[in-house]
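Residue numbers (UniProt numbering): 1 to 175. Heads up, the beta-carbon is just placed ideally off N, CA and C, and yes, glycines get one too. Please read these numbers as outputs of a predicted model, since none were measured by experiment. To keep things clear, I will list the structure first and then write my remarks on it.
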Amino acid sequence: HGFTRNYTALWEEMVAARPAPGQRRAEVCVLGKGGFRWQLEIPAEIDGDVEFLTQLPYPEFWGRIYGSLALVPAFGMPVYLESRISSTISASLLTGTPLLADEQLMGVYTFLGPQHVFLKRPGEGDVQAMYRVLAMPYEEVAARRAALRSLASELNARAASDFSALLRAGGVTVA
């Protein structure tokens with residue numbers, strides 16, 4: 001259906017998942033720039049747990065990401081682990097919203113450490129990890145967000161320094 005995300009696997013996990021007694025169900029918000037909700041092929045059992053928003057104004061779009069507990073990459077194409085950066089990675093850095101990450105993702109996006117993400121356990125699915133994260137103490141979630149914001153600042157400073165060095169090497173005066 002043309003999506004760069006593998007929603008089918010996520011939906012299957014959500015249908016199969018059973019939250020602990022008293023725990024709220026995991027909810028997913030899919031943000032996009034186009035398409036239609038029906039294209040997501042959301043099973044009826046979880047339809048109320050999935051929100052689909054498209055064409056949001058920038059402040060609302062970024063506000064929704066910032067207000068999320070975690071971002072689920074759900075890569076639908078291997079290129080995001082081979083040669084192309086995902087907008088989900090950038091969104092995580094821009095908003096300080098941690099990713100649900102597995103060892104494969106960590107091996108590719110090596111600037112991320114376990115303190116910046118919610119690291120999935122071996123054999124753990126996205127939804128299992130979502131429920132584990134939902135049960136984490138606020139302080140643990142806040143520590144990851146703070147570490148991610150710090151990482152973003154470090155990466156930005158390094159990029160600015162590298163860019164300035166390139167300009168100077170080309171004879172451009174940098175203030």
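For LEU53, the enclosing beta strand (DSSP E) begins and ends at 50–54. Of the residues VAL72, LYS120 and ILE85, the one whose Cα lies closest to the Cα of TYR7 is VAL72. Between the stretch 55–66 and the stretch 103–116, the count of C-beta pairs closer than 8 Å stays below three; the two stretches do not touch. DSSP places VAL79 in the helix class (H, G or I) of the three-state scheme.
Here LEU10 has VAL28, VAL72, ALA74, ASP126 and VAL127 as same chain residues with Cβ atoms under 8 Å from its own Cβ, once five neighbours each way along the sequence are excluded. With respect to ALA70, LEU100 sits close: the two C-beta atoms are nearer than 7 Å.
Distance from the CA atom of PRO19 to the CA atom of THR173, rounded to whole angstroms, is 59 Å. If you draw a straight line from the Cα of ILE46 to the Cα of MET14, it is about 7 Å long. Just measuring C-alpha positions, the residue of PHE118, GLU154 and ALA142 sitting nearest TYR131 is PHE118. Leaving aside the five residues that flank VAL30 on each side, the residues in its chain whose CB is nearer than 6 Å to its CB run, in chain order, PHE52. ALA26 sits in coil when the DSSP states are folded into three classes, being neither helix nor strand. In the three-state scheme derived from DSSP, where H, G and I count as helix and E and B as strand, LEU31 is classed as strand. DSSP places LEU112 outside both helix and strand once states are collapsed to three, so it counts as coil. Rounded to the nearest angstrom, the gap between the Cα atoms of LYS33 and GLN23 is 32 Å.
In the DSSP secondary-structure assignment, ARG5 is bridged to PHE75.
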